[in-house]
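What follows is a short report on a single structure.
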Amino acid sequence: MWLVLPRAAGAQSVHPLYDADLDRACGLMLSMDLEGARRIIDNWIWRSPGRPDGYFYRAVLYSWRIFLLPEEDEPGLLRDEFEKAIRDCRIRAEKISARRETAFEGTLYLGAIYGQEALLALIDRKYLIMAPLAKQAWLNVSKVLEMDPQFYDGYFGKGIYLYFTDLLPTAIKLLAQAYGFEGDRQQGLADLRLAGEKGLYSRDASRLMLLNIYALIERPDSAVRELGRELYARYPDDPLIHWRYGDILLRMKDYAAAEKIFSEVAERLERGFPYYRNRMFTAHSMAYRLGVCDWNMGKSREAMARFDSILAAEKISPDWVEPFVYLEQGKIYLSRNDRGKARQAWEKTLDCPDYFGSREEAKRLLDMIGGR
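To convert, count from 1 in the sequence shown and add 183; that's this note's numbering.
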């Protein structure tokens, strides 16, 4: 939901929909000057109260602020303000979409606002709510690209729907198909790259989405690594970019470089750097990543100390960290030829809820040493 931040592309900024103030506000959001972004957006809405643009970016700002809250904090008023901005944008977008001279802009922001709501529902795993919202977003994005196939920002939304629909669980994918849209993983990636290269507003948003995808799902390469480096250099205080750049390095097995990034994130968490204590990552998830780096750089003692410190916590957050700590501890024990402790560690993984295939990996490792 935080990935719909536009960023204008210099030479193409003469497009009729481009507004320098909104562009600056979006840059401030990525730079984590959220108060500065709010002031610009509020002033823009005051000057243009009948247009949907400002209300859409207000919704984006509130969704970003909600996601940056610590896990234990309830969004409360922020959620109310987000939902109000969604309604305000939709009302204005519907109104201007009915007029021929403003149909393109209205359709564009209808697609954007439905997409914002659908993405929130997807993150919350509210699939029955997500499906009709995604359908409306898809219809409006398709209309935008029919009106102007060279409006490359439209490929940002199209790419998101194609890619993530293809990754939905089978039952949910069938639900999406019943609503009239199907996924295409490779085409989705291609559309996101196109928006990242040629988009008027969505260049950095598309690149950031690609960074997330390659940090979690696809296999990163040198081009993705360079993408992460560029985004981190441009927005050094953005916790999402900072963290995901480290994950790219970790997946590429550049453990020394990844350790440097994760150490920076952990240090900022410890000293309360603005927005680093949020729902995205915790001190435990960073300590786990640092332990993985230590272990793969031959520093098993340091790795074990990090893993032990996590397990000593009264509450481990997020929940997926605990089973993966046991997996890594078992590998360290096995490297010391202590099969008994390795078996115990992997059995503890099986006692935990399954996250991202953790139980299957534990079973595989147990089978490798002769089972339970």
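Beta carbons are placed, not taken as given, at the ideal position from N, Cα and C, and that holds for glycine. For clarity, every value in this text was computed on a predicted model and none was experimentally measured.
For the pair D387 and T285, the Cα-to-Cα distance works out to about 26 Å. Residue pairing from DSSP leaves S541 without any beta-bridge partner.
Residue Y238 holds the alpha-carbon nearest to the alpha-carbon of K267 among Y238, K436, S385, L377. The Cβ atoms of Y292 and D236 lie closer than 8 Å to each other. Using a Cβ-Cβ distance cut-off of 8 Å, the segment 211–231 and the segment 428–448 are not in contact, since fewer than three pairs of beta carbons, one from each stretch, lie closer than that value. Per DSSP, S468 has no beta-bridge partner at all.
Look at the segment 225–284 and you find these whole runs of alpha helix (DSSP H), each 4 residues long or longer: 236–250, 260–280. Cβ contact annotation for L452 (same chain, cutoff 7 Å, sequence separation greater than five): Y459, R460, A466, M469, in chain order. Where L200 is concerned, there is no enclosing alpha helix (DSSP H), because DSSP gives it neither an H nor an E. The DSSP-derived three-state label of W503 is coil. Three or more Cβ pairs drawn from the segment 333–341 and the segment 369–377 lie within less than 8 Å of each other, which places the two stretches in contact. Cβ atoms of Y335 and L383 come within 8 Å of each other, at about 7 Å. P419: not part of any alpha helix (DSSP H); DSSP gives it neither H nor E. Around the beta-carbon of D263, fewer than 16 other beta-carbon atoms lie within 10 Å, marking it exposed. In this structure, DSSP gives K498 a state outside helix and strand, which the three-state scheme calls coil. Residue state for G553 is assigned as coil, using DSSP reduced to three classes. Beta-carbon to beta-carbon, A398 and R427 are separated by about 4 Å, close enough to satisfy the 8 Å threshold. Going by C-alpha positions, N520 is about 29 Å away from A440. Contact between the segment 298–305 and the segment 317–324 is present: 3 or more CB-CB pairs across the two stretches fall below 8 Å. Contact between A486 and I515 holds, with the beta-carbon distance rounding to 6 Å and staying under 8 Å. Judged by DSSP secondary structure, M480 falls outside any alpha helix (DSSP H); it is assigned neither H nor E. Inter-residue distance for Y201 and C535 is about 51 Å (C-alpha atoms, whole angstroms). In this structure, G513 places its C-beta atom within 8 Å of the C-beta atom of A528. For I223, the CB contacts under 8 Å within the same chain, skipping 5 residues up- and downstream, are D204, L205, R207, A208, L211 in chain order. Taken through DSSP and simplified to helix, strand or coil, Q333 comes out as coil. Across the set P457, I400, L305, the C-alpha of P457 shows the shortest separation from the C-alpha of R248. One alpha carbon belongs to D225, the other to R241, and they sit about 8 Å apart.
Shortest Cα-Cα distance from R526 to any of F507, D550, G411 involves D550.
Look at P315 here: in three-state DSSP terms it is helix.
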